[in-house]
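Residue numbers (this note's numbering): -10 to 372. Take a look at the structure set out below.
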Amino acid sequence: MDKKREILFNLNNFLLSTSIVLDYVNNEKKATQLGHLKRVSYIALSLGVILKLDNKQLSDLCSYSLCSSLALNQSSDNKSLCELSNEYVKDFPFIQEQKDILLYQKEHFDGSGTFGLKNEQIPLFSQIIFFATSLDEEFDLSNFNPAKKEKILNYVKLNENILFSKQIVDSFFKLNESINFWLDLQSESDILLFIYTLLEDFSQALEFEKLLKIAKNFLKLAEPQSKLIEYVGKISDFYALEYKDKITLQIAAGFCKIGKLVVPNDILQKIEPLDIYEKEQIRTYPYYTKKVLSNIMGFNDIVSWAMKVQERLDASGYIFGFENKSLSFKDRVLINANVYDALLQEKAYRKAYSKEEAIKIMKNESSKLDISITNDIAIIFKI
-10 MDKKREILFN
0 LNNFLLSTSI
10 VLDYVNNEKK
20 ATQLGHLKRV
30 SYIALSLGVI
40 LKLDNKQLSD
50 LCSYSLCSSL
60 ALNQSSDNKS
70 LCELSNEYVK
80 DFPFIQEQKD
90 ILLYQKEHFD
100 GSGTFGLKNE
110 QIPLFSQIIF
120 FATSLDEEFD
130 LSNFNPAKKE
140 KILNYVKLNE
150 NILFSKQIVD
160 SFFKLNESIN
170 FWLDLQSESD
180 ILLFIYTLLE
190 DFSQALEFEK
200 LLKIAKNFLK
210 LAEPQSKLIE
220 YVGKISDFYA
230 LEYKDKITLQ
240 IAAGFCKIGK
250 LVVPNDILQK
260 IEPLDIYEKE
270 QIRTYPYYTK
280 KVLSNIMGFN
290 DIVSWAMKVQ
300 ERLDASGYIF
310 GFENKSLSFK
320 DRVLINANVY
330 DALLQEKAYR
340 KAYSKEEAIK
350 IMKNESSKLD
360 ISITNDIAII
370 FKI
């Protein structure tokens, strides 16, 4: 592995980490309880074992399950969810990539689903993910009791050859024979133990360029208008940063807003002034950015830069209260670039500022933002 151009990357480790924030989107839009994507993956993998999938197939099934609701934040219906999620995962390094798994994840076995595929036209992985997702959305599997189990079994049997294939239904009834299956669903730690024990380690050397593509997709999810990655790239070129420093800083820029997925859209898009509690909720997002990225192997530098994006030189930033001496040059580049990017974006509560207005605002914040970097941004973008 070329450490200057590649990172050791495990897709399931990455997706288990990012599922933390995607669960909040599911909670907001689908009213599922936190841990939803891990439960979906647990059910899918349990079915995969019954269906005798091999190790590579199981690993990919877990990955597809964990990113099944990837574009939910940008979706208005099942069709857009499937189309956008399917598009985003084209940049993901699956072991044996399969075509259109997420595109057809809302198909019904009788052909009454989103795109009208039926029977064996529907990819097996898509069938499994639809089954697992349906159960947790319908019945909240984080909270188990015998009466609910009976309702689930009746629901599954009633929908045999309608929503679900006989193969999936029969496999599920085999799972039902073990009480451990039901009890493990209520414990995130037991689910994680099951996943990590079952799956083989398929970590691979991934080019930074490919990781940057993934980061760009996550920035789109959190902040569709953002050009932060582009700005960080141009600023890095101005300072003649080495390739690895530049691209990892760009990757950090792509992931630095991932914690925003925890914040409800009605707060982020609110036109009226935020109340004290809403402001506090928005200010928590760097905490969740750190929480997600800290769990991804090889992301030490990336998380260090990304988590500080709202810090300020005078320690007035949030959420960690770092001050001048604790903020490196790269920290400051990302902080200043983020402010510049934010000011140029149109928000629900204000119009976008011009480049000139943005620089003027930033210069007036010289006690908070590195003035030399602000001046250089003005030069770089010809202001």
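All C-beta atoms in this analysis are idealised placements derived from N, C-alpha and C, irrespective of residue type, glycine included.
Query                                                                                                            : Result
Pick from S315, K314, L316 and V298 that is closest to I308, judged by C-alpha positions                         : V298
Nearest-angstrom beta carbon gap, I362 and V322 [assumed within contact, 8 Å]                                    : 6 Å
I247 beta carbon less than 9 Å from that of I201                                                                 : Reading off the sequence shown, one finds Leu at residue 201, where the question assumed Ile. Not closer than 9 Å, so no.
Pick from E76, Q270, P213 and F83 that is closest to F3, judged by C-alpha positions                             : F83
Cβ neighbours of I372 in the same chain (closer than 7 Å, five flanking residues each side left out)             : K344, E345 and I348
Candidates D226, V10 and S6: closest to L250 by CA position                                                      : V10
Other residues of its chain near V328: CB distance less than 7 Å, five sequence neighbours each side excluded    : M351 and L358
Residue environment, Q110, which counts as buried when at least 16 other CB atoms sit within 10 Å                : exposed
Start and end residues, beta strand (DSSP E) containing I(-4)                                                    : E(-5) to F(-2)
Where D66 falls, given that 16 or more other Cβ within 10 Å makes a residue buried                               : exposed
Assigned secondary structure, F191 (DSSP; H/G/I helix, E/B strand, else coil)                                    : coil
Beta-carbon proximity list for L210, same chain, < 6 Å, skipping 5 on both sides                                 : N62
Selected residue, minimal CA-CA separation from A326, among S293, S215, E267 and P275                            : S215
Any 3 or more C-beta pairs closer than 8 Å across the stretch 92 to 102 and the stretch 113 to 128               : yes
Selection from F288, N284 and Q258 that minimises the alpha carbon distance to K336                              : Q258
Inter-residue Cα distance where the pair is F81 and P275                                                         : 24 Å
As assigned by DSSP and simplified to three states, the class of F153                                            : strand
Selected residue, minimal CA-CA separation from F(-2), among L282, A304 and I366                                 : L282
Nonlocal neighbours in the same chain, by C-beta distance under 8 Å from Q85, ignoring five residues either side : K45, Q46 and D49
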